Each structure stands twice: as structure tokens, then as C-alpha cells.
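Below: the structure, in C-alpha cells.
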Amino acid sequence: QVQLVESGGGLVQAGGSLKLSCATSGFTFSSYTMDWFRQAPGKEREFVATIMWNDGSTSYADSVKGRFTISRDNAKNTVYLQMNSLKPEDTAVYYCTVRIRGSTSRDWGQGTQVTVSS
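Numbering-wise (our numbering), the sequence shown opens with residue 12 and increments by one.
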């Protein structure tokens, strides 16, 4: 059974930093691309960042490029999201997610709330 557990969210002032973690189990973590998404109040869930399983390459939404860094530790089955220079518009619930091969849908964690005050 796939499990994704996010942590590290909280309240921070604009310009501050947070590091989110997503601990995983139930699948071979090192063989899967991992993603972070977020959902702000009243908005659709949106892509934030991805890290490939094979070469560790990354890509980001334009809105976070240069401020956020996604990374992974295959020994700990954990994916991270380092968020710097936070802005009020980064306020959202942040989710890690994986699409297991052969599955018709993604698996999601419960999310962690990030609130950035101005």
C-alpha cells in the first residue's frame, strides 16, 4: 500500500524559508519520479516541481523557478522541497505525489499547509 506523508509546513513571513519532507513507503521509491503539487484556497491544484527517478533531473513551475529546490534521498525513501524567498502567493496546501506504473491515477499524501504572511 502506497503511503506518502508530508511534513514541514507552517507559518512564515514573506522572504523566509521552509523545507518540506515527504516520507514514502509501499513502493520502490528509487524507481519512481516524484512530484510536488500545491492547492491554494479557491484554486485548482497545480504542479510545483518534479524529480526524475533515473537521473535525478528536475523541473519546476515558472512561478517557483529559482526559489524552490526539489531533492530526494533514495536511502530514506524521502523527497524534499526547499522553499526560499517565500511570497504570500505561495500560501497553499503542498502535496507530494507519485504515479505508480500500471495505476490509472496518482497517489497523494494528506498535504501540509504552508502560509506566508506579508
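Every residue gets a Cβ at the ideal spot worked out from N, C-alpha and C, and that includes glycine. Because the structure is a prediction, the values reported are computed rather than measured.
Measuring only the C-alpha atoms, how far is residue i from residue j?
| i | j | result |
| --- | --- | --- |
| K76 | D101 | 12 Å |
| K30 | Y105 | 11 Å |
| A25 | I81 | 20 Å |
| W64 | V90 | 11 Å |
| S96 | V59 | 15 Å |
| T108 | W119 | 5 Å |
| S41 | T35 | 11 Å |
Which class does residue i belong to by DSSP, given the choice of helix, strand or coil?
| i | result |
| --- | --- |
| S42 | helix |
| E55 | coil |
| D101 | helix |
| R110 | coil |
| T115 | coil |
For residue i, which beta-bridge partners are listed by DSSP?
| i | result |
| --- | --- |
| G26 | Answer is none; G26 lacks a bridge partner. |
Ordered along the chain, which non-local residues of its own chain (more than five positions away) have a Cβ less than 6 Å from that of residue i?
| i | result |
| --- | --- |
| Q93 | K30 and T80 |
Quick one: is residue i buried, meaning 16 or more other Cβ sit within 10 Å of its Cβ, or exposed?
| i | result |
| --- | --- |
| L15 | buried |
| R49 | buried |
| A86 | exposed |
| D46 | buried |
| E9 | Since the first residue shown for the chain is 12 and the last is 129, residue 9 is missing from the structure and cannot be characterised. |
| R83 | buried |
| T123 | buried |
Tell me which same chain residues have a C-beta within less than 8 Å of the C-beta of residue i, skipping the five on either side of it?
| i | result |
| --- | --- |
| G37 | Q12, V13 and Q14 |
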